[in-house]
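Read the sequence shown against UniProt numbering and you will find it ends at 376, with the numbers running on by one and no gaps.
Here the structure comes first, spelled out in structure tokens, and everything after it is commentary.
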Amino acid sequence: MAGVVWQYWLYCQTIYPAEPAPVWRGRSGPPPPPHLVHPRAHLPNSHEMHRSRLLVRPCSRLFSTSAPTRSASAAPAYRPPVEPGVLPAFDAAVDYIARDRQQKLERLEQLRKDAGATETQLEKLEVEAWSNDPETRWRAKNGFADFSKPVYRHLVERAWRNEGDLAILMQRVTQMNVIPDVVGDIYPEIDLRIQVAGETIEPGVFTLPAQTREGIEVSAQVFHAEEKLYTLLLVDPDVPDELNATFTTYAHWLIPNIPLSATTSPTLSSLPPSTLPYLPPHPQNGTPYHRYTLLLLSQPSALSLPSEIKRRGFDVRAFVNQHGLEPKGVSFFRQLWDRDVSAIYKEVLHKPEPRFARRLPKEGKDEQRPPKYELY
Numbered sequence: 001m002a003g004v005v006w007q008y009w010l011y012c013q014t015i016y017p018a019e020p021a022p023v024w025r026g027r028s029g030p031p032p033p034p035h036l037v038h039p040r041a042h043l044p045n046s047h048e049m050h051r052s053r054l055l056v057r058p059c060s061r062l063f064s065t066s067a068p069t070r071s072a073s074a075a076p077a078y079r080p081p082v083e084p085g086v087l088p089a090f091d092a093a094v095d096y097i098a099r100d101r102q103q104k105l106e107r108l109e110q111l112r113k114d115a116g117a118t119e120t121q122l123e124k125l126e127v128e129a130w131s132n133d134p135e136t137r138w139r140a141k142n143g144f145a146d147f148s149k150p151v152y153r154h155l156v157e158r159a160w161r162n163e164g165d166l167a168i169l170m171q172r173v174t175q176m177n178v179i180p181d182v183v184g185d186i187y188p189e190i191d192l193r194i195q196v197a198g199e200t201i202e203p204g205v206f207t208l209p210a211q212t213r214e215g216i217e218v219s220a221q222v223f224h225a226e227e228k229l230y231t232l233l234l235v236d237p238d239v240p241d242e243l244n245a246t247f248t249t250y251a252h253w254l255i256p257n258i259p260l261s262a263t264t265s266p267t268l269s270s271l272p273p274s275t276l277p278y279l280p281p282h283p284q285n286g287t288p289y290h291r292y293t294l295l296l297l298s299q300p301s302a303l304s305l306p307s308e309i310k311r312r313g314f315d316v317r318a319f320v321n322q323h324g325l326e327p328k329g330v331s332f333f334r335q336l337w338d339r340d341v342s343a344i345y346k347e348v349l350h351k352p353e354p355r356f357a358r359r360l361p362k363e364g365k366d367e368q369r370p371p372k373y374e375l376y
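This is the structure in structure tokens:
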């Protein structure tokens, strides 16, 4: 029977070939230039269809949580890739999977009658019973998952962890020093993504200030059934601190007490007010690129934050430690100054726009600086 199942697996690889992970083939070092890094194709799949989604519009300071979801009941009828009777090996493998599932389901019923069985044991056995079912896998892959069932949460999380998305995220946050410049070690448990101008972007790509002036959209796929509270934080760790000849962090957006679970999304009426309303990214003239970093932080309990939190000089580590928060999701994008930033300073921030330059080293016998500056 093991040989039959092996034949079935090989056959399925021809019908459902594994999608290659989007990595930089044959490259070591930094990723391709920004003009070669395209936004992720906005295709409907299980990762996209079941997210809790937040949208901020700086002009109106409103949220929208209307996520495009696919109802499991609205899914088209499942059709096996091979009709019964066409391929004996396929029929035998499906029959073997069905009998194995039935045995596990019977065992599950026995455990449910046992008062000593834990919820973790029951959930584990239920996942094992259904995880090899062809229809269950098809629904999870094509965005018709029912996230109230543990098996779908398991399959979608496993795909996120094992099929390249998490690996690319960790490569980017490490390679571009989001770790440790913004936070220390982070082990993401939430698939956090950013949409700019209607497109889901890869972590670390360059965007334009004009694209984020009217807001960004954030989607978070959590994998726990119970509802938990989170804090959403957007920071820029690359703001010049000219007095100390270094960089400081600027908080662009801070919302505490956001309730999230695998099956529920926050509604407009249930969302708490922003402690720091969204301000669009505005990389300063004459500075290198800025890493606009989005964090989703789990809370031990509801937070009551003071309204006088300063945006400039925001200490992410101190904030996390003070309130007992844990980073569970991370993503980021980069920007450089362009002429649209001048409009943001004038029309949104209502401040004069600064301009920065880098001093050249002292030269000559008298160690005099040349009478000019080298701009970035």
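A virtual CB, placed ideally from N, CA and C, is assigned to each residue, including glycine.
DSSP places residue 130 in the uninterrupted alpha helix (DSSP H) bounded by 119–130. If you draw a straight line from the Cα of residue 249 to the Cα of residue 334, it is about 15 angstroms long.
Rounded to whole angstroms, the separation of the alpha carbons of residue 166 and residue 193 is 11 angstroms. Under the three-pair Cβ rule at 8 angstroms, the stretch 238–257 counts as touching the stretch 293–313. When rounded, the separation of the alpha-carbon atoms in residue 86 and residue 92 is 11 angstroms.
DSSP lists 220 as the bridge partner or partners of residue 192. Nearest to residue 232 by alpha-carbon distance, out of 298, 168 and 94, is 298. Counting only residues of its own chain and dropping the five nearest sequence neighbours on each side, residue 107 has a CB closer than 7 angstroms to the CB of 125. CA-to-CA, the gap between residue 291 and residue 176 works out to about 8 angstroms.
By the 16-neighbour rule on beta-carbons within 10 angstroms, residue 322 is exposed. Taken through DSSP and simplified to helix, strand or coil, residue 235 comes out as strand. Where residue 138 is concerned, the enclosing alpha helix (DSSP H) starts and stops at 134–141. Uninterrupted alpha helix (DSSP H) stretches at least 4 residues long and entirely within the stretch 318–360 occur at 339–344, given in chain order. Closest in C-alpha terms to residue 120, from the list 143, 154 and 99, comes 154. Residue 243 counts as exposed, since fewer than 16 other C-beta atoms from the protein chains shown sit within 10 angstroms of its C-beta.
A Cβ-Cβ contact shorter than 9 angstroms links residue 285 with residue 342. Within the DSSP bridge table, the entry for residue 289 names no partner. Distance from the Cα of residue 196 is smallest, within the candidate group 225, 183, 215 and 261, for 215.
Inter-residue distance for residue 261 and residue 223 is about 7 angstroms (C-alpha atoms, whole angstroms).
Taking C-beta atoms as the reference points, residue 78 and residue 134 count as a pair closer than 9 angstroms.
If you look at residue 96, you'll find it in the alpha helix (DSSP H) that goes 88–113. Contact between residue 190 and residue 279 does not hold, since their C-beta atoms are separated by about 24 angstroms, which reaches or exceeds 8 angstroms.
The continuous alpha helix (DSSP H) containing residue 162 extends over residues 150–162.
Check the Cα spacing between residue 240 and each of 345, 355 and 142: the tightest is with 355. Bounds of the beta strand (DSSP E) holding residue 249 are 246–260. DSSP places residue 208 in the coil class of the three-state scheme, outside both helix and strand. Non-local C-beta neighbours of residue 186 in its own chain, meaning closer than 7 angstroms and more than five positions away in sequence, comprise 179, 327 and 330, ordered along the chain. Residue environment analysis places residue 347 among the exposed positions, since fewer than 16 neighbouring C-beta atoms fall within 10 angstroms of its C-beta. Here residue 263 has 147, 148 and 225 as same chain residues with Cβ atoms under 8 angstroms from its own Cβ, once five neighbours each way along the sequence are excluded.
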